[in-house]
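Trainee:
Protein chains: 2
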Amino acid sequence: MEAKIGRIAFIGAGNVAWHLAKAFIDNGVSVGGVWNRTPSKAQDFANDFSVIAYENLDDLQSDCDLILIAVSDSAISEIITKLIHFRGIVAHTAGSVPLQILDTLSCEKGVVYPLQTLTHHNLVDISSIPILIESDTPAALIQLTRIAEKISNHVLVVNSSERLIIHTAAVFVNNFTNLMYVIGDDILKKNSINPSLLGPLIKETARKALQGNPIELQTGPARRHDIQTMEKHLKVLEKLKDYSEIYTLLSNEIEGKFDQNINSE
Amino acid sequence: MEAKIGRIAFIGAGNVAWHLAKAFIDNGVSVGGVWNRTPSKAQDFANDFSVIAYENLDDLQSDCDLILIAVSDSAISEIITKLIHFRGIVAHTAGSVPLQILDTLSCEKGVVYPLQTLTHHNLVDISSIPILIESDTPAALIQLTRIAEKISNHVLVVNSSERLIIHTAAVFVNNFTNLMYVIGDDILKKNSINPSLLGPLIKETARKALQGNPIELQTGPARRHDIQTMEKHLKVLEKLKDYSEIYTLLSNEIEGKFDQNINSE
Chain A
-14 MEAKIGRIAF
-4 IGAGNVAWHL
6 AKAFIDNGVS
16 VGGVWNRTPS
26 KAQDFANDFS
36 VIAYENLDDL
46 QSDCDLILIA
56 VSDSAISEII
66 TKLIHFRGIV
76 AHTAGSVPLQ
86 ILDTLSCEKG
96 VVYPLQTLTH
106 HNLVDISSIP
116 ILIESDTPAA
126 LIQLTRIAEK
136 ISNHVLVVNS
146 SERLIIHTAA
156 VFVNNFTNLM
166 YVIGDDILKK
176 NSINPSLLGP
186 LIKETARKAL
196 QGNPIELQTG
206 PARRHDIQTM
216 EKHLKVLEKL
226 KDYSEIYTLL
236 SNEIEGKFDQ
246 NINSE
Chain B
-14 MEAKIGRIAF
-4 IGAGNVAWHL
6 AKAFIDNGVS
16 VGGVWNRTPS
26 KAQDFANDFS
36 VIAYENLDDL
46 QSDCDLILIA
56 VSDSAISEII
66 TKLIHFRGIV
76 AHTAGSVPLQ
86 ILDTLSCEKG
96 VVYPLQTLTH
106 HNLVDISSIP
116 ILIESDTPAA
126 LIQLTRIAEK
136 ISNHVLVVNS
146 SERLIIHTAA
156 VFVNNFTNLM
166 YVIGDDILKK
176 NSINPSLLGP
186 LIKETARKAL
196 QGNPIELQTG
206 PARRHDIQTM
216 EKHLKVLEKL
226 KDYSEIYTLL
236 SNEIEGKFDQ
246 NINSE
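What follows is the structure, given as structure tokens:
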């Protein structure tokens, strides 16, 4: 099946679908519309992009040759039971769900996973976002790569187990990093100090990591094995048991990394 | 003592001294020079800025009216035993050391703490960095504030206990955030995947935090109580016991925060 993808439809009207639809439309790719379990959400999405809010999945299937499924991981299996007669390509957009979840479909199947944190109407430059592609047929792989390259300069083919590994690493640099921001913010707020003080440090920490090797940029009392300072910090966190536990575990991890480095050098 | 600060000298030639000296000189403030325990380091610093590398602390004291001590926390106490006859202002630059460490000095005393991660010759825009000032006399507080305002638009007066709290929060958003980058990087490298894939996500995570309230930006499987996905991630981390332990603790913390939020709403 070498036919070029002419039109995309989305199942799911959440953040991933919204940002992908915007990027495709901005780059001249035809988007037919969207179906969503809650019709009003499909309608909002359809209004944003002047596309169709399909009332049922049959209408959607007859109007496109690529279906992008952007629903919660646990809803994928049920959705695809409605797509068994579809003749185009069906791809899901989830980081930690294997391609094999689509096995019951007889059409071509794939994954189009944008590696980014996408939140409501918060515009990002999709062209710099890695898009991870997978398919079990070379023809669909080529089609999905071509269509993804319309919106991103950073399209890669990775298999399901690699994608899960990348998704796991992403939890650390995105979800857990944000938790560090939450905790920093909370420590200051609990002490009536304006948390915006931390802004320049957050910015610079990320900027450095983007330019260098993060292990070489590690600083702080744990890096220096500066027990006195760590004890002072733990005293500050005395009434915040969760935070002292996290402080201790993460400091131990840093100390361990630098013990190892000393031994291996 | 209302005399204006005419010239600064540094004790310590490390990153904090280097970046402060550069910022003062760039903004037209006179820097006499630097003394360092290792004279060759003082000489390198002196060469960078065409200032004096003092051979002894007496020469330094006779050449300035503000001494900025930028040595390791544990070295401050010993250094100040050499400054007992100084008549200007002595300020240290440490986040987690109280002003009181300077109590044995009879001159005016203070703290000038730049809240930023400063690494070797890695230029940052000092003007946006918060500089936290403290003194036990109003006159010195005014002088230190004035001189800090020459290099930063963000000068604040905070006391020693507030500064220690801020330093503790800074460990989370800087040192521990960098550890999250280190772990993400390491997970990918251990699986022969190029860690630069995570760059756009690191950048966007920080960008969002700078614009919003981090707790509202929290996403990920723990936020959604998505146990299935967390189990998949823990399987990826199966042979990396430290990382699974960190994954579990931080995920529990996120889950707890969102349980609490539900209960309090």
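First to last, the sequence lines map onto chains A and B. Just so we're aligned, residue -14 is where the first sequence starts under my numbering, counting upward by one. Just so we're aligned, residue -14 is where the second sequence starts under my numbering, counting upward by one. Glycine is no exception: its CB is placed at the ideal position from the N, C-alpha and C atoms.
(1) So the alpha helix (DSSP H) residue 161/A belongs to, where does it begin and stop?
(2) What residue range does the alpha helix (DSSP H) around residue 139/A cover?
(3) Just the chain B side, please: which residues come within less than 8 Å of residue 203/A by C-beta, in chain order?
(4) Identify whether residue 55/B lies in helix, strand or coil by the three-state DSSP scheme.
(5) Strictly under 9 Å for the Cβ-Cβ distance: is residue 87/A near chain B by that measure?
(6) Under the assumption that residue 9/B contacts residue -7/B (Cβ atoms under 8 Å), give the Cβ distance between them as a whole number of angstroms.
(7) Given this structure, state the Cα-to-Cα distance separating residue 34/B from residue 129/B, to the nearest angstrom.
(8) Would DSSP call residue -3/A helix, strand or coil?
(9) Which residues bound the alpha helix (DSSP H) around residue 82/A?
(10) Comparing the C-beta of residue 12/B with each C-beta of chain A, is any distance below 9 Å?
(11) Could you tell me the distance, in whole angstroms, from the CA atom of residue 238/A to the CA atom of residue 21/A?
(12) Look at the alpha carbon of residue 137/B and the alpha carbon of residue 11/B, and state the distance between them as a whole number of angstroms.
(13) Do residue 158/A and residue 215/B have their C-beta atoms within less than 9 Å of each other?
(14) Closest by CA to residue 226/B, which one among 112/B, 66/B, 172/B?
(15) Do you know offhand how far residue 51/A's Cα is from residue 207/B's?
(16) Closer than 9 Å, CB to CB, is residue 78/A near chain B or not?
(17) Mind checking residue 249/A: buried by the 16 CB within 10 Å criterion, or exposed?
(18) Along chain B, in chain order, which residues have C-beta atoms closer than 8 Å to that of residue 65/A?
(19) Select from the region 137 to 149 of chain A all residues with a C-beta closer than 7 Å to any C-beta belonging to chain B, and list them in chain order.
(20) Spatial neighbours of residue 181/A within its chain, please: C-beta separation below 7 Å, excluding the five flanking residues on both sides.
(21) My output table needs one value for residue 249/B: the three-state DSSP class, helix, strand or coil.
(22) Classify residue 124/A as buried or exposed, calling it buried when 16 or more other Cβ atoms lie within 10 Å of its own Cβ.
(23) Is there a C-beta anywhere in chain B that falls below 9 Å from the one on residue 95/A?
(24) Contact between the region 66 to 77 of chain B and the region 37 to 48 of chain B is defined here as three or more beta-carbon pairs at a separation below 8 Å; is this criterion met?
(25) Is there a Cβ from chain D that is less than 9 Å from the Cβ of residue 152/B?
(26) If residue 78/B sits next to residue 111/B, beta carbons under 8 Å apart, how far is it from one beta carbon to the other, in whole angstroms?
(27) Is residue 198/B close to chain A? Criterion is C-beta to C-beta, closer than 9 Å.
(28) When the distance is taken between beta carbons, is residue 81/A closer than 9 Å to residue 131/A?
(29) With DSSP as the reference, label residue 208/B as helix, strand or coil.
(30) On a Cα-Cα basis, can you pick out the residue from 127/A, 145/A, 118/A that is closest to residue 85/A?
(31) Within 10 angstroms of its Cβ, does residue 119/A collect 16 or more other Cβ (buried), or is it exposed?
(32) Residues in the same chain with beta-carbon distance under 8 Å from residue 155/A, minus the five sequence neighbours each way, listed in chain order, please.
(33) Once the 5 residues before and after residue 41/A are set aside, which same chain residues still bring their CB inside 8 Å of it?
(34) Contact criterion: CB-CB distance below 9 Å. Does residue 328/A meet it with respect to chain B?
(35) Count the other CB atoms, across all protein chains shown, that sit within 10 Å of the CB of residue 17/B; report buried if there are 16 or more and exposed otherwise.
(36) Would residue -9/B pass as an interface residue toward chain A - the criterion being a Cβ-Cβ separation below 9 Å?
Mentor: The relevant details are as follows:
(1) Run containing residue 161/A: none; DSSP gives neither H nor E here.
(2) Note, residue 139/A: premise wrong, no alpha helix (DSSP H); not H, not E.
(3) 160, 163, 164, 167
(4) coil
(5) no
(6) 6 Å
(7) 22 Å
(8) coil
(9) First-last for residue 82/A: undefined, no H or E at that position.
(10) no
(11) 44 Å
(12) 12 Å
(13) no
(14) 172/B
(15) 31 Å
(16) no
(17) Residue placement at residue 249/A is poorly supported in this model, since its pLDDT is 39, which falls under 50; the coordinates still yield a value, given next. Counting Cβ neighbours within 10 Å, residue 249/A comes out exposed, since fewer than 16 surround it.
(18) Under the 8 Å cutoff, chain B gives no residues; its nearest Cβ is about 17 Å from residue 65/A.
(19) 147, 149
(20) none
(21) Residue confidence for residue 249/B is low, a pLDDT of 39 falling below 50, so the modelled location carries little weight; the figure read from the coordinates is stated next. If DSSP states are grouped into helix, strand and coil, residue 249/B belongs with the helices.
(22) exposed
(23) no
(24) yes
(25) The question asks about chain D, but that chain is absent: this structure's protein chains are A and B.
(26) The pair is not a contact, with the Cβ atoms about 13 Å apart (cut-off 8 Å).
(27) yes
(28) no
(29) coil
(30) 145/A
(31) buried
(32) 80, 100
(33) 20
(34) Residue numbering for chain A in the displayed model covers -14 to 250; residue 328/A lies beyond these limits and cannot be assessed.
(35) buried
(36) no
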